[in-house]
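Working notes, structure below.
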Amino acid sequence: MKKLLLVMIAIVAMAMMIVGCSSGEKKEAKPADGKNITIGFSVSTQNNPFFVTLRNGVEAKAKELGVNVKIVDAQNDPAKQANDIADLLQQNISVLLVNPVDSAAISTSVKAANKANIPVICLDRSADEGKVTSLVASDNVKGGEMAAEYIVKKLGEKVKVAELEGIPGASASRERGEGFHKVADQKLTVVAKQSADFDRSKGLTVAENMLQANPDIQAIFAQNDEMALGAIEAAKSANKKVFIVGFDGTADGVKAVENGTMSATIAQQPDIMGQQGVEVAVKAAKGEKVDAKVSAPLKLVEKK
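The sequence shown: position 140 = 1019 (our numbering), numbered continuously.
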């Protein structure tokens, strides 16, 4: 009887294991509830005040909503960003929030998240390929147009201008340039344009070279405030008065406008953008419907 009882117990135990395994195979991933949401956030760099503010907005909103957020800094390196995201995808995140270094390079990571059924929300810059659930960004094309129109308004038509471009391949660089040239190619004379990678020191070097090659440049449009601040130093070194318009509205950029060294900046509001990104990410993680594009506000900042 003892042997028979042991055999029956073993059979029941095996049956329970089989049922458990089969039910596990059929189980589908369910949308997370508010308390169990973990956002994986990959930010392009923390060596730029704009993206520091963006991160602060993400952290503040995540804390307010009571959700977890894991943040990694790509340090403006597409390869590091890809590795960081690969690690995040192994850490049980509910949703991927990403501010791409490069819109083409990030596509592989977006596709990996798609394969893992993890929603992807892009901040400020989008991805060229893969399914992005929502893009939270300013209207960069409109912002570029605003910069060109402001130069025309203040200096008149056909003045000679140069353009400092951002990181090649970043959607923000393409879109800001597209908007700027929609107006500039018709109403201004663009004598030079070159990438300075959204970096202040590179903006200084590139602007110096531009002013040496084209001493009659009257205005410079920089696709972000960091490059604009570099251009200010280049103009000062060349002892030239140049009308400089930046983009982003960082604290340093706005300060330069207020003291008169920068003519204007097309101001984004990265803290609001970060907060909007978290709000959209939480909805996506819960399986709720979200808009494919969420626009963050823009405004022209000039000296009062």
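Note that the Cβ used here is the ideal one computed from N, Cα and C, for glycine as well.
Under the Cβ criterion (8 Å, minimum of three pairs), the stretch 995–1009 does not count as touching the stretch 1020–1030.
A distance of 8 Å or more separates the beta carbons of V1169 and A1098.
Counting along the chain, the unbroken alpha helix (DSSP H) around N1019 starts and ends at 1019–1034. Taking 8 Å as the cut-off, the Cβ atoms of G1156 and T1144 do not count as close. For F930, the enclosing alpha helix (DSSP H) stretches over residues 928–944. Using a Cβ distance threshold of 8 Å, V951 and D963 count as a contacting pair.
A1117 is not a Cβ neighbour of A1110, given a cutoff of 8 Å.
Fewer than three Cβ pairs drawn from the stretch 991–1000 and the stretch 1134–1144 lie within less than 8 Å of each other, which leaves the two stretches out of contact. Counting only the Cα atoms, M1152 lies some 22 Å from E1044. Residue environment: Q970 is assigned as exposed (fewer than 16 neighbouring CB atoms within 10 Å of its CB, all protein chains considered).
Spatial neighbours of E1028 in its own chain (CB-CB distance under 7 Å, excluding positions within 5 residues in sequence) are listed in chain order as V1062. With respect to the 8 Å criterion, L1090 and A1113 are classified as neighbours on the basis of their beta carbons.
In terms of Cα proximity to E1042, the closest of R1055, L1034, E1036 is R1055.
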